[in-house]
Structure formats: structure tokens, C-alpha cells
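Q: Residue numbering for the sequence shown is 62 to 186, as defined by our numbering.
Beta carbons: idealized from backbone N, C-alpha and C, even for Gly.
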Amino acid sequence: MLVYWIINLNNRIADNNEDKAQKTIKDCFDREVFSYDDWEKYRKPYLKEEDRTLVFYPHGALHLLQTEDGSVKKIVTGESRLLEAIEQHWQNNVPLFVSEGDSEEKSRSIVGNRYLQTIYHQIFF
């Protein structure tokens, strides 16, 4: 949760400045939905930025939701009340968070989810 909060804080600060080049942390979601086919576009700079950091959640995260159709959505809130937004979304959705016991069970969960599988196969290896 801390990493996601920092990304949001960084981006809000950049939005309030005239120089948008401070938006250097990206999680490859187009608003709420992960960009499976074009995640590498996030390596490109915003305006004149030179450095950027891509952030991925290889074991899911509490702010990611597994939808009925198998897609993964990110909880987006413009406010600082992230925990309240997460709690509200959990009422009708399942969080995407790998917490199985052994490595074999964790691997099955990762392979069974398109977002986690994309990170594992395309990004990390």
C-alpha cells in the first residue's frame, strides 16, 4: 500500500506543478485498467522527463481487484482516503493478492491470472 500511496502523492504533486516532468513513477495502468498489450509505452517520458520508474505488483496488491471477466482493475481515488476506497470496492470485488502457503500454490495463482502472468513472463524474465 505504501508504494501505491507514494505513486499517487508523487503524481498529485506533479499535477499541481507547471512542470509535469516530475511524473516519473508509472504503474502501467491506463486510469484503472492495466495495459497488457502496450505496457512498454510507459517507458516513454512525459513531456521532457528523462528518468522514469516503472512499478509492478508481482504478487498483486490490496488496491488491485480481480473482476468477473478476469481483468484486473486498480482502485483509483483522487482523494487521500485510499483505505476507505479500498474497503468500499472490496464489498463487491475480490482483491488480487497472492497469499497462498507454499511456492507451488503461489505459482498456480500467478499463472492463473493474466496480470500476474504478464509481469512474470514479459517483464521480470
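Identify the residues that DSSP records as bridge partners of residue 180: which are they?
A: To locate residue 180, count along the sequence shown from 1; it is residue 119. In DSSP, residue 180 forms no bridge with anything.
Q: Quick check on residue 179: buried or exposed, where buried means 16 or more other Cβ atoms within 10 Å of its Cβ?
A: As a working mapping, residue 179 is identified with position 118 in the sequence shown. Buried.
Q: Which two residues bound the contiguous alpha helix (DSSP H) that contains residue 150?
A: Here the question's residue 150 lines up with position 89 in the sequence shown. Element bounds for residue 150: 143 to 151.
Q: At which residues does the beta strand (DSSP E) containing residue 167 begin and terminate?
A: Your numbering for residue 167 matches position 106 in the sequence shown. Counting along the chain, residue 167 falls outside any beta strand (DSSP E), though it belongs to the alpha helix (DSSP H) covering 164 to 172.
Q: Tell me whether residue 90 sits in a helix, a strand or coil according to DSSP, three-state version.
A: In the sequence shown, counting from the first residue as 1, residue 90 sits at position 29. Residue 90 falls in the strand class under three-state DSSP.
Q: So, with DSSP's three-state summary, where would you put residue 137?
A: As a working note, residue 137 is residue 76 in the sequence shown. Correct three-state label for residue 137: coil.
Q: Would you check if the segment 167 to 183 and the segment 140 to 153 touch, i.e. whether three or more CB-CB distances between them fall below 8 Å?
A: The segment 140 to 153 is not in contact with the segment 167 to 183.
Q: Could you pull the DSSP bridge partners for residue 155 from this structure?
A: For the purposes of this step, residue 155 is taken as residue 94 along the sequence shown, with counting starting at 1. Residue 155 is bridged to 127.
Q: Give every residue of the same chain whose Cβ lies closer than 7 Å to the Cβ of residue 95, excluding the five residues on either side of it in the sequence, and list them in chain order.
A: Position 34 of the sequence shown, counted from the start, is the residue given in the question as residue 95. Only 89, 133 and 176 meet the Cβ criterion.
Q: Would a C-beta distance cut-off of 8 Å place residue 137 and residue 68 closer than the cut-off?
A: By one-based count along the sequence shown, residue 137 stands at place 76. By one-based count along the sequence shown, residue 68 stands at place 7. Contact: no.
Q: Return the Cβ separation of residue 120 and residue 135 in integer angstroms, given the expectation that the two are a contact with Cβ distance under 8 Å.
A: As a working note, residue 120 is residue 59 in the sequence shown. As a working note, residue 135 is residue 74 in the sequence shown. That belief does not hold up - the Cβ atoms of residue 120 and residue 135 are roughly 15 Å apart, past 8 Å.
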